[in-house]
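Using our numbering, the letters of the sequence shown correspond one by one to residues 8 to 304. Cβ atoms here follow ideal geometry from the backbone N, Cα and C, with glycine treated the same way. What you are looking at is a predicted structure, and each value in this text was computed from that prediction instead of being measured.
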Amino acid sequence: MVNYKTWLKEIDDNTRISKLSIPGTHNSAACHTALPSVQCQGESVTEQLNHGVRFLDIRAGKQFLKEGDDAKDLQVIHGKFPVKIPFPRLLKDTFDEVYDFLNNNRSETVIVSLKQEGSDDWDNANDEFGNLIWDKYITPNKDKWYLNTDIPKLGDARGKAILFRRFGVNNQDRRNQFGFDAASWHYNTTDDDRGTFVVQDFCEVEKADDIPKKVEYVKDLINKAKDYTKDNDNKLFVNFTSASNFFDHDCWPQQIANALLQSKIEDSFQKGVGIVVLDYVESDDWILAKKLVDTNF
Numbered sequence: 008m009v010n011y012k013t014w015l016k017e018i019d020d021n022t023r024i025s026k027l028s029i030p031g032t033h034n035s036a037a038c039h040t041a042l043p044s045v046q047c048q049g050e051s052v053t054e055q056l057n058h059g060v061r062f063l064d065i066r067a068g069k070q071f072l073k074e075g076d077d078a079k080d081l082q083v084i085h086g087k088f089p090v091k092i093p094f095p096r097l098l099k100d101t102f103d104e105v106y107d108f109l110n111n112n113r114s115e116t117v118i119v120s121l122k123q124e125g126s127d128d129w130d131n132a133n134d135e136f137g138n139l140i141w142d143k144y145i146t147p148n149k150d151k152w153y154l155n156t157d158i159p160k161l162g163d164a165r166g167k168a169i170l171f172r173r174f175g176v177n178n179q180d181r182r183n184q185f186g187f188d189a190a191s192w193h194y195n196t197t198d199d200d201r202g203t204f205v206v207q208d209f210c211e212v213e214k215a216d217d218i219p220k221k222v223e224y225v226k227d228l229i230n231k232a233k234d235y236t237k238d239n240d241n242k243l244f245v246n247f248t249s250a251s252n253f254f255d256h257d258c259w260p261q262q263i264a265n266a267l268l269q270s271k272i273e274d275s276f277q278k279g280v281g282i283v284v285l286d287y288v289e290s291d292d293w294i295l296a297k298k299l300v301d302t303n304f
């Protein structure tokens, strides 16, 4: 019987994380009271981690209605919208959930995907967002992070959060110590190979009739990852099951997640399918997270 809270304990230290099947969550902290089209999860980050999730997708931006340094006490964002209303969900609080979990479960590691969203008034030419993350969030907690730019072996990352950096850094010296570089991929891609990682992130579902197409793209990358990782461990496969159309209730995150369950997507899960990023991961007693974890054994 797999203990989903500490499932990585059973896997050899020399295994690269790219060889695993890893349940992830899309907009992981979007589990609070918010606009219905913004919410993506029904349980907290802590509960997700306790049930086997090991990849968190977190988007951060300035606080609305604040200025200067107060605005830079970052909140968690989904696109242009806060993931919690009326009071913001702070990035610090979400990171603290990750730190607490890892402190209590030293055998585990958590891949933290961090992306800049919200307002467009950052001076990114001078790394304003990146420098803020480094100075305010990373440096005071450096012992809690795996910040090398490679795909780590489990033994090197246990007890740490692995930074999957989805924002650009122009300073070369800083970039070389600022985690795994996943700063960009093609928007709405069905399969984008960036050398060290491959992404499926087809997200523009215009109508409910398009949802089966999305499911097929998920399955295609699952099969590609499985075939590749049989003999290789030098690419990280990241497969987003999420998609939406803000203007069509039938294409909101909950409906996409339901369609994925109805498709029996878990029947395609095998060892080494990479990171599968889920909405409403708690659905049907966490079945998709559990099935992904089980393939590793």
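Going by DSSP in three states, residue i sits in which element: helix, strand or coil?
i, result
"G31", "strand"
"P89", "strand"
"L170", "strand"
"K278", "coil"
"K231", "helix"
"A4", "Since the first residue of the chain shown is 8 and the last is 304, residue 4 is not available in this structure."
"Y224", "helix"
"D208", "coil"
"W14", "helix"
"L81", "coil"
"W152", "strand"
"L285", "strand"
"D200", "strand"
Exposed or buried, which one is residue i when buried takes at least 16 other CB atoms within 10 Å?
i, result
"I84", "buried"
"K221", "buried"
"G202", "exposed"
"G186", "buried"
"K149", "exposed"
"S251", "buried"
"D208", "buried"
"Q269", "exposed"
"V119", "buried"
"D188", "buried"
"Q1", "Absent from the structure is residue 1, since the part of the chain shown begins at 8 and ends at 304."
"T146", "exposed"
"G59", "buried"
So residue i and residue j are in contact, right, with Cβ under 8 Å, and what is the actual spacing, rounded?
i, j, result
"Q46", "S35", "Not quite, the Cβ-Cβ distance comes to about 12 Å (not below 8 Å), so this is no contact."
"F62", "V284", "6 Å"
"W14", "V245", "Actually they are not in contact, since the Cβ atoms of W14 and V245 sit about 19 Å apart, beyond 8 Å."
"S28", "V280", "5 Å"
"N57", "K16", "About 14 Å separates the two Cβ atoms, so there is no contact after all."
"N303", "I18", "6 Å"
"A164", "T116", "4 Å"
How far does the alpha helix (DSSP H) with residue i in it extend, from its first residue to its last?
i, result
"R182", "Q179 to R182"
"A37", "It is not in any alpha helix (DSSP H) - A37 carries neither H nor E in the DSSP assignment."
"F304", "Run containing F304: none; DSSP gives neither H nor E here."
"N138", "E135 to L139"
"A164", "L161 to A164"
"T53", "V52 to N57"
"A250", "A250 -> no alpha helix (DSSP H), and no H or E assigned at all."
Please report the distance separating the alpha-carbon of residue i from that of residue j.
i, j, result
"Q82", "D274", "37 Å"
"D128", "F88", "16 Å"
"E305", "K271", "There is simply no residue 305 to check, as the chain begins at 8 and stops at 304 in what is shown."
"V205", "D199", "5 Å"
"D180", "S191", "19 Å"
"G137", "Y144", "10 Å"
"A37", "D286", "10 Å"
"K151", "K99", "13 Å"
"S126", "A67", "10 Å"
"I92", "F71", "11 Å"
"N195", "S249", "11 Å"
"A132", "Y153", "25 Å"
"G31", "D77", "31 Å"
"N112", "A168", "12 Å"
"D227", "A215", "20 Å"
"F247", "P260", "12 Å"
"T108", "A266", "The amino acid occupying residue 108 in the given sequence is Phe; Thr does not appear at that position. Rounded to the nearest angstrom, the two C-alpha atoms are 31 Å apart."
Hey, quick one: how far does the beta strand (DSSP E) through residue i stretch, first residue to last?
i, result
"N246", "L243 to F247"
"G68", "F62 to G68"
"V105", "Per DSSP, V105 belongs to no beta strand (DSSP E); it is in the alpha helix (DSSP H), L98 to N111."
"Q123", "V117 to Q123"
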